[in-house]
Amino acid sequence: MDFLIALLILILIVLIGYGLLYYLGRKQTKTNMELDERKQEIMAIPVSDKLYTLKNKDVSGKTRRSFETEQANWQTITRYKLPEIEAALVSAQADAEKYSLIKARQTANKVESLLDETEDTVSGINQRLEDILASEKANEEAYSTTYDRYAAIRKQLLAHSYNYGSSVEILEKNLSYIELDFTKFNQTMNDGDFLEAKEILVQVNEDIDELEVMMDEIPDLQHTISEEYVEQLEDMQAGYEQMLDEQFVFPNDMDIPAEIEKSEKFVKQSKQAVTDVDLSEAKTLMNKAEVQIDKTYSLMEQEIYARDYIGKHQGALQRKVDKIMESNRYGILEVDRVSQSYLLYENEMGKMQEYTDQIEREKNLLDDTNQAIAEHQIAYSDMESRYKAIDSRLDTIEKGQTQIVISLSDLKQRERDAKDDLDVYELDLRNIKRSVEKYHLPGLPDEYLDRFFYTEDMVLDLSKKLNRVRLDINDIEKISQQIAEDIDQLDKEADAFIDYAILTEDAIQYANRYRPDHPEIERTIGQASELFHRDFQYEEAFNCITDEIEKFEPGARERIIQFYQEAKANNQI
Numbered sequence: 002m003d004f005l006i007a008l009l010i011l012i013l014i015v016l017i018g019y020g021l022l023y024y025l026g027r028k029q030t031k032t033n034m035e036l037d038e039r040k041q042e043i044m045a046i047p048v049s050d051k052l053y054t055l056k057n058k059d060v061s062g063k064t065r066r067s068f069e070t071e072q073a074n075w076q077t078i079t080r081y082k083l084p085e086i087e088a089a090l091v092s093a094q095a096d097a098e099k100y101s102l103i104k105a106r107q108t109a110n111k112v113e114s115l116l117d118e119t120e121d122t123v124s125g126i127n128q129r130l131e132d133i134l135a136s137e138k139a140n141e142e143a144y145s146t147t148y149d150r151y152a153a154i155r156k157q158l159l160a161h162s163y164n165y166g167s168s169v170e171i172l173e174k175n176l177s178y179i180e181l182d183f184t185k186f187n188q189t190m191n192d193g194d195f196l197e198a199k200e201i202l203v204q205v206n207e208d209i210d211e212l213e214v215m216m217d218e219i220p221d222l223q224h225t226i227s228e229e230y231v232e233q234l235e236d237m238q239a240g241y242e243q244m245l246d247e248q249f250v251f252p253n254d255m256d257i258p259a260e261i262e263k264s265e266k267f268v269k270q271s272k273q274a275v276t277d278v279d280l281s282e283a284k285t286l287m288n289k290a291e292v293q294i295d296k297t298y299s300l301m302e303q304e305i306y307a308r309d310y311i312g313k314h315q316g317a318l319q320r321k322v323d324k325i326m327e328s329n330r331y332g333i334l335e336v337d338r339v340s341q342s343y344l345l346y347e348n349e350m351g352k353m354q355e356y357t358d359q360i361e362r363e364k365n366l367l368d369d370t371n372q373a374i375a376e377h378q379i380a381y382s383d384m385e386s387r388y389k390a391i392d393s394r395l396d397t398i399e400k401g402q403t404q405i406v407i408s409l410s411d412l413k414q415r416e417r418d419a420k421d422d423l424d425v426y427e428l429d430l431r432n433i434k435r436s437v438e439k440y441h442l443p444g445l446p447d448e449y450l451d452r453f454f455y456t457e458d459m460v461l462d463l464s465k466k467l468n469r470v471r472l473d474i475n476d477i478e479k480i481s482q483q484i485a486e487d488i489d490q491l492d493k494e495a496d497a498f499i500d501y502a503i504l505t506e507d508a509i510q511y512a513n514r515y516r517p518d519h520p521e522i523e524r525t526i527g528q529a530s531e532l533f534h535r536d537f538q539y540e541e542a543f544n545c546i547t548d549e550i551e552k553f554e555p556g557a558r559e560r561i562i563q564f565y566q567e568a569k570a571n572n573q574i
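Per the working numbering, the sequence shown starts with residue 2, numbered consecutively.
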């Protein structure tokens, strides 16, 4: 029984395997048939017909070379590629029938690759042959359009030759060359070289494009040169001659005739370039001509504008010289007057005298310049430069004069300020004395008294210096500043003496509460009293007594100071 089952399974496996091989074989056969159909489709492309048609047209030149190349390519396909494909297909089918399916599949893949390559090659050959055949008709149609363009240009040139001036000859020569190219095109077409004819026609169209641009641009260039530039040259020449008639003088480095000649040269060269139909060179030269014309105009206008400047500023500059000279005379008198009452340290008189010399030099230069222009010996632009330089130097002189006069006028106010300060210093010293006397201080330290009396002497010295016939304001202000600083320091120290004297008395009263239980307090009070009454060291006396109190009552010193400051703030002291 088991044997029968095993046998049935084996038979079933064999049947399935045979069925699978049969299916795959049929599938491979179908693939081979599809590849063969594809081969037939490729070979059905009408390459042979096109080659036959071209051969009968008796083509020549570049077209024939192209024909022969494609014919050779087609022969390679039919003699080598096609047999190779057919042999591979036969091999693939034989393998499929023998159920060598893997080998059959590999061969089929090779056939498919060969077909892809062959199809691309055949399609390319067919398309190129198609283009060659179509080029004959395309050339004929393109020729008609191109010739119409050529005829339109020739008609325009004949009808409007006056717009092109001397360029007509070159333009007609270019048209003649195009006409020769048309003849060459027709001959090439008759010879059956359609590709060469196409290239000729492409070149003709490019030449016509260029010619159309020339025809469009030349009238504008001719107008610019013949009308604008020539008119400007005539205007410049006439303007220059008029300036000479008006006795203009030009700077040594300015040669107007040479500049006009350069302009004329560029205009002439531009005109010749247009005549030669070299439009790129013409535009370059026209740009140079424009720049040169503008430069020449600018140089001439520079002198005209300079004359206008002189006309507007000549009288004003003369008046400015006179005004500054008069101001300098007043300044010298003012320096002399002020120097009788004050010592001067900035060489004011020397500066004013130097200004006098400078103004005189500027006046002479201005007179010489005006004389030169009256005699037509100087260019207006050079004169303008001199005017501006003179004006600038006069501004510098005027500024210096003003600074000196202002500094002189300040001296009187500085004297008044010093006298006011003197009154304040005397009052401050009296107030310090009254403050000390008011609080009945037993005395003041010798060092403080020495500085106080020295300050009093300085105040007296300041008073004497302020009463002199000629005041040394710089020295007076220096002394005044020192006195102000000393009085401020004396005032602060006097306030400190008074504060610590009162604080010491308050601290002794505060310490009395500890006397019964602490005999050492008595000794400390005695030491503080000596510092207070004998040495007048009020701060040291306060520290002496409060240091002892702090031993029994930490923070007592700060509380004593706080009570005093509050009482002082409330005007209770």
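Every residue gets a Cβ at the ideal spot worked out from N, C-alpha and C, and that includes glycine.
Predicted model only: the values in this text are computed from it and were never measured.
Spatial distance of residue i from residue j (CA atoms)
i	j	result
V470	L344	10 Å
E438	A557	29 Å
M215	Q238	32 Å
D552	A512	Here the sequence assigns Lys to residue 552, which means Asp is not the residue at that position. Their backbone Cα atoms lie some 11 Å apart in a straight line.
I405	I398	11 Å
L159	T146	20 Å
S167	V203	29 Å
I201	R150	16 Å
E327	A390	21 Å
Y449	T357	56 Å
I360	L412	27 Å
T122	Y144	32 Å
L181	Q188	11 Å
E478	P520	58 Å
K156	K272	24 Å
L22	P84	Note that L22 scores 48 on pLDDT, short of 50, meaning its location in the model is unreliable and no value can be drawn from it.
T370	M384	7 Å
Y148	E213	14 Å
I154	Y178	13 Å
Y440	I499	7 Å
Y515	Q490	38 Å
E427	V460	7 Å
L25	E118	Model confidence at L25 stands at a pLDDT of 48, short of 50, so the residue's coordinates are unreliable and nothing is read from them.
G444	R452	15 Å
M301	Y165	34 Å
F543	L463	38 Å
Q76	F183	37 Å
R417	L472	12 Å
M190	L172	27 Å
E207	E141	17 Å
T525	C545	7 Å
Y331	I407	13 Å
Residues that residue i bridges to, as DSSP identifies them
i	result
L280	L280 pairs with nothing; no bridge assigned.
Proximity below 9 Å, CB of residue i to CB of residue j
i	j	result
I503	D429	no
I209	M287	no
K185	A139	no
Y388	I311	yes
I480	K466	yes
Q293	K263	yes
L234	I257	no
D492	N571	no
A419	I509	no
K352	G401	yes
E363	L395	yes
F537	P446	yes
P584	N175	Look at the range of the chain in this structure, 2 to 574, and you will see that residue 584 is not part of it.
The ligand FMN heavy atom lying under 8 Å from the CB of residue i
i	result
A557	Because no ligand of any kind appears in the structure shown, any question about the ligand FMN cannot be addressed here.
- Item | Inside the region 319 to 402 only - alpha helix (DSSP H) runs reaching at least 4 residues | Within the region 319 to 402, complete alpha helix (DSSP H) segments of at least 4 residues are found at 349 to 375, given in chain order.
- Message: So, does the region 301 to 310 touch the region 274 to 290, judging by three or more C-beta pairs under 8 Å?
- Response: In short, these stretches do not touch, since the Cβ pair count stays below three.
- Query: Is the region 278 to 294 close to the region 214 to 228, with three or more CB pairs under 8 Å?
  - Reply: The answer is yes - the region 214 to 228 touches the region 278 to 294, with three or more Cβ pairs under 8 Å.
- Ranges of the alpha helix (DSSP H) found wholly within the region 422 to 492, counting only runs of at least 4: Within the region 422 to 492, the complete alpha helix (DSSP H) segments at least 4 residues long are 447 to 467, listed from N- to C-terminus.
- Query: Hey, is the region 246 to 260 in contact with the region 378 to 386, meaning 3+ C-beta pairs nearer than 8 Å?
  - Reply: Because the criterion of three Cβ pairs below 8 Å is met, the region 246 to 260 and the region 378 to 386 touch.
- Every unbroken alpha helix (DSSP H) within the region 512 to 556, with a cutoff of 4 residues, ordered by chain: Taken in chain order, the complete alpha helix (DSSP H) segments of 4 residues or longer contained in the region 512 to 556 are 521 to 534 and 539 to 553.
- Which residue spans inside the region 161 to 230 form an unbroken alpha helix (DSSP H) run of at least 4? Fully enclosed alpha helix (DSSP H) runs of 4 or longer: 169 to 191 and 195 to 224.
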